[in-house]
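Engineer: Numbering (the numbering used here), first residue to last: 3 to 554.
Each residue gets a CB set at the ideal place from its N, CA and C atoms; glycine is no exception.
Mind having a look at this structure? Questions to follow.
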């Protein structure tokens, strides 16, 4: 995944703990925060709270407002998960505790008053920002109301404890509350401007995009141009049938938007509802996010282009050549070629880099995409660049060498295992050479898969590992550090057991017209990346102005 796409979300997303952990944590932390806050006030201020006030303070200031808000967000905002709601409340509980510690260092009543109201404003703005990002700006009126409930309960609790004894005029109270509302209105205005600017450039709402990605919604992007990409089909038959589908479409941009779930959709279709013994998997060709689908429903259009190739019973041995910056592995099947590439430090390639003058029905080119899942490369090779020209020369040289390889009888065994991470194994035997191809529906390879492949190199002459470059789930992209190696072992064991004389064939068909993002993807990404930075700057300025407004 390159740095230019919506990968900023990957860096921000984490797994929200289950409710069974959030609620006890909130209760325990409420008590701890209350004890520490009272101790800090006793140590650093002239005040000496009575021990009897500890429990009411902990309950009213550090527990009830957040339990109330955690349930309220979930009930009032459609489809807002309860776990997200309570996690947001837990975050605000911690923010309240931090401000309580800051409050203990106030040097006079006026500063204490400003700190308390800065807390209320901060909690309100956090609610607005998080709820807009996770539900969309279209519900801003409801968000303004529901987001105010939590600071309102805190304000009531504050006045119940100390508000009536501070001696401020009515004007000061009205001014503080007006500051809270003005800050909220300013934040909504900033977010609305951000959304308008992105929508005016891309016809996509920034916050519909972020909320949909976070919820893993499935939606079409009103972007892109009409195209008819090729879909290559590699079929192997040894009594059972394996269908490997390689569309010249990138599985993105992310989540349920566009083709983010394309690889999983294809794998599901190839393995569900077919004849007994039939299975299939997805192959990733060298392409970039400009080849992302605009509409997720076009996965069906791609599947309609899957064909039944003529097959042959002979193939060459798997040939390998390392050109330093790129490696190729290839096999002749009849008069056609199946080639796998691995580029050092390269994430994606423009479609024309290798195949601009090559017939897809004659050559299947697969990008192994087996970089580290969490620390992958960010570079893209652009068509027409000197690097692209150099890689193309390496590719043509390899194809020329492969064309002279002799062919022998072909045998193969294969297996696909359906788990949370779909996996596939293909064992091929030609002229005494046995090779293993391992595939996994992820975006890169985790270290345990790399170790597993290394273990198998003692049993096979060549072991290749590939990923599908899926962008199906932002949560998995952000958090996956281990893979289902047990499923991979089972697939390899089954594939080894079923090796038998086989036939293999390759063909290609173009799809019916569908929409690919093409250059609209760049407009979307550049707009999002620029405006994210502008939003952060605006929020910092807003907070600085609040401090100046309330304290000076």
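Classify residue 55 as helix, strand or coil using the three-state DSSP reduction.
Structural biologist: Position 53 of the chain shown, counted from the start, is the residue given in the question as residue 55. Three-state result, residue 55: helix.
Engineer: Start and end of the beta strand (DSSP E) containing residue 381?
Structural biologist: As a first step, residue 381 is located in the chain shown; it is residue number 379 there, counting from the start. 381 to 383 is the span of the beta strand (DSSP E), which, as asked, contains residue 381.
Engineer: Secondary structure at residue 266, three-state DSSP: helix, strand or coil?
Structural biologist: Position 264 of the chain shown, counted from the start, is the residue given in the question as residue 266. Of the three classes helix, strand and coil, the one that applies to residue 266 here is helix, per DSSP.
Engineer: Taking the alpha carbon of residue 400 as the point to measure from, which residue in 342, 418 and 384 has its own alpha carbon closest?
Structural biologist: Walking along the chain shown from the start, residue 400 turns up at place 398. Selected option, being the one with the closest Cα: 342.
Engineer: Please specify which runs of the beta strand (DSSP E), each continuous and at least 3 residues long, are wholly inside the stretch 424 to 453, giving them in chain order.
Structural biologist: Listed in chain order, they are 425 to 432 and 435 to 442.
Engineer: Among the candidates 150, 246 and 91, whose CA atom is the shortest distance from the CA of residue 311?
Structural biologist: Against the chain shown, residue 311 aligns to sequence position 309. Ranking 150, 246 and 91 by Cα distance to residue 311 puts 246 first.
Engineer: Since residue 345 sits in a beta bridge, which residues does DSSP pair it with?
Structural biologist: By one-based count along the chain shown, residue 345 stands at place 343. BP columns for residue 345 point to 328.
Engineer: Could you tell me if residue 520 is buried or exposed, where buried requires 16 or more neighbouring beta carbons within 10 angstroms of its beta carbon?
Structural biologist: Position 518 of the chain shown, counting from 1, holds the residue named residue 520. It is buried - the Cβ of residue 520 has at least 16 other Cβ atoms within 10 Å.
Engineer: If you draw a straight line from the alpha carbon of residue 156 to that of residue 66, how long is it in whole angstroms?
Structural biologist: Here residue 156 refers to the residue found at position 154 of the chain shown. Here residue 66 refers to the residue found at position 64 of the chain shown. One C-alpha to the other measures close to 9 angstroms.
Engineer: Measure the C-alpha to C-alpha separation of residue 537 and residue 104 and round it to an integer number of angstroms.
Structural biologist: Along the chain shown, one-based indexing puts residue 537 at 535. Along the chain shown, one-based indexing puts residue 104 at 102. Residue 537 and residue 104: Cα-Cα distance of roughly 27 angstroms.
Engineer: Going straight from the alpha carbon of residue 287 to that of residue 352, what length do you get?
Structural biologist: On the chain shown, position 285 is the one that residue 287 refers to. On the chain shown, position 350 is the one that residue 352 refers to. C-alpha separation (whole angstroms): 10 angstroms.
Engineer: Suppose only complete runs of 4+ residues qualify. What are the alpha helix (DSSP H) ranges in the stretch 119 to 198, listed by chain order?
Structural biologist: For the stretch 119 to 198, whole alpha helix (DSSP H) runs of length 4 or above, ordered along the chain, are 142 to 163.
Engineer: Nearest-angstrom Cα distance between residue 335 and residue 413?
Structural biologist: Your numbering for residue 335 matches position 333 in the chain shown. Your numbering for residue 413 matches position 411 in the chain shown. Looking at the two C-alpha atoms, the distance is approximately 12 angstroms.
Engineer: Please list the terminal residues of the continuous alpha helix (DSSP H) segment that includes residue 26.
Structural biologist: Along the chain shown, read from residue 1 onward, the residue named residue 26 stands at position 24. Unbroken alpha helix (DSSP H) run through residue 26: 21 to 46.
Engineer: Check each candidate in 243, 493 and 266 and name the one with the smallest Cα separation from residue 254.
Structural biologist: Residue numbering aside, residue 254 sits at position 252 when the chain shown is read from its first letter. The option with the nearest alpha carbon to residue 254 is 266.
Engineer: Per the DSSP calculation, residue 466 is bridged to which residue(s)?
Structural biologist: Here the question's residue 466 lines up with position 464 in the chain shown. Paired residues: 439.
Engineer: Which of helix, strand or coil does DSSP assign to residue 545?
Structural biologist: The residue given as residue 545 occupies position 543 in the chain shown. Three-state DSSP puts residue 545 in a helix.
Engineer: Residue 257 to residue 289, Cα distance in whole Å?
Structural biologist: Counting from one through the chain shown, the residue named residue 257 turns up at place 255. Counting from one through the chain shown, the residue named residue 289 turns up at place 287. Using only the alpha carbons, I get a separation of about 18 angstroms.
Engineer: In its own chain, which residues sit with a C-beta less than 7 angstroms from the C-beta of residue 126, not counting the 5 before and 5 after it?
Structural biologist: Position 124 of the chain shown, counted from the first residue, corresponds to residue 126. Correct list, in chain order: 149, 150, 153, 182 and 186.
Engineer: Per DSSP, what kind of secondary structure is residue 228 in: helix, strand or coil?
Structural biologist: In the chain shown, residue 228 corresponds to position 226, counting from 1. Note: residue 228 maps to strand in three-state DSSP.
Engineer: From this set, 506, 439, 438 and 446, which residue's C-alpha is nearest residue 423's C-alpha?
Structural biologist: Here residue 423 is taken as the residue at index 421 of the chain shown, counted from 1. Measuring from the Cα of residue 423, the nearest candidate turns out to be 446.
Engineer: According to DSSP, simplified to helix, strand and coil, what is residue 95?
Structural biologist: Sequence index remark: in the chain shown, residue 95 carries index 93 (1-based). It is helical.
Engineer: If I'm right that residue 264 touches residue 301 with Cβ under 8 angstroms, what's the distance once you round it to whole angstroms?
Structural biologist: Residue numbering aside, residue 264 sits at position 262 when the chain shown is read from its first letter. Residue numbering aside, residue 301 sits at position 299 when the chain shown is read from its first letter. That belief holds up - the Cβ atoms of residue 264 and residue 301 are roughly 5 angstroms apart, short of 8 angstroms.
Engineer: Among the residues of its own chain, which have a CB less than 6 angstroms from the CB of residue 368, if the five just before and after it don't count?
Structural biologist: Here residue 368 is taken as the residue at index 366 of the chain shown, counted from 1. Cβ neighbours of residue 368 beyond the five flanking positions: 285 and 342.
Engineer: Report the rounded CA-to-CA distance for residue 99 versus residue 275, giving the unit in angstroms.
Structural biologist: Taking the first residue of the chain shown as position 1, residue 99 is located at position 97. Taking the first residue of the chain shown as position 1, residue 275 is located at position 273. Roughly 56 angstroms separates the two Cα atoms.
Engineer: Return the bridge partner residues of residue 503 from the DSSP annotation.
Structural biologist: Sequence index remark: in the chain shown, residue 503 carries index 501 (1-based). According to DSSP, which records beta bridges pairwise, residue 503 is partnered with 413.
Engineer: Just to check my reading of the structure: residue 451 and residue 120 have Cβ atoms closer than 8 angstroms, yes? What is that Cβ distance to the nearest angstrom?
Structural biologist: Here residue 451 corresponds to residue number 449 of the chain shown, with the count starting at 1. Here residue 120 corresponds to residue number 118 of the chain shown, with the count starting at 1. Incorrect: roughly 49 angstroms between the Cβ atoms, too far for contact.
Engineer: With a Cβ-Cβ cutoff of 9 angstroms, do residue 465 and residue 483 count as a contact?
Structural biologist: Taking the first residue of the chain shown as position 1, residue 465 is located at position 463. Taking the first residue of the chain shown as position 1, residue 483 is located at position 481. Their beta carbons are not under 9 angstroms apart, which means residue 465 does not touch residue 483 by this criterion.
Engineer: Does residue 419 come out as helix, strand or coil in the three-state DSSP assignment?
Structural biologist: Your numbering for residue 419 matches position 417 in the chain shown. It is a strand residue.
Engineer: With three or more C-beta pairs closer than 8 angstroms as the rule, is the stretch 70 to 83 touching the stretch 122 to 138?
Structural biologist: The stretch 122 to 138 is in contact with the stretch 70 to 83.
Engineer: Assuming residue 410 contacts residue 298 (C-beta within less than 8 angstroms), just tell me the rounded distance between them.
Structural biologist: For the purposes of this step, residue 410 is taken as residue 408 along the chain shown, with counting starting at 1. For the purposes of this step, residue 298 is taken as residue 296 along the chain shown, with counting starting at 1. With a Cβ gap of about 43 angstroms, residue 410 and residue 298 do not count as contacting.
Engineer: Whether or not the stretch 209 to 217 and the stretch 372 to 389 are in contact is what I'm after, with contact meaning three or more pairs of Cβ atoms, one per stretch, closer than 8 angstroms; do they touch?
Structural biologist: No: fewer than three Cβ pairs fall under 8 angstroms.
Engineer: Is the distance from the Cβ of residue 315 to the Cβ of residue 503 below 9 angstroms?
Structural biologist: As a working mapping, residue 315 is identified with position 313 in the chain shown. As a working mapping, residue 503 is identified with position 501 in the chain shown. A contact, by the Cβ cut-off of 9 angstroms.
Engineer: Helix, strand or coil for residue 350? Go by DSSP, reduced to three states.
Structural biologist: Mapped onto the chain shown, residue 350 falls at position 348. Residue 350: strand per DSSP, three-state reduction.
Engineer: Specify the secondary structure class of residue 280 as computed by DSSP and reduced to three states.
Structural biologist: Within the chain shown, residue 280 is the residue found at index 278, counting from 1. Three-state DSSP puts residue 280 in a strand.
Engineer: Output needed for residue 362: all residues of its chain with C-beta closer than 8 angstroms, excluding positions within five of it in sequence on either side, in chain order.
Structural biologist: Stepping through the chain shown from its first residue, residue 362 is reached at position 360. Correct list, in chain order: 232, 234, 250 and 510.
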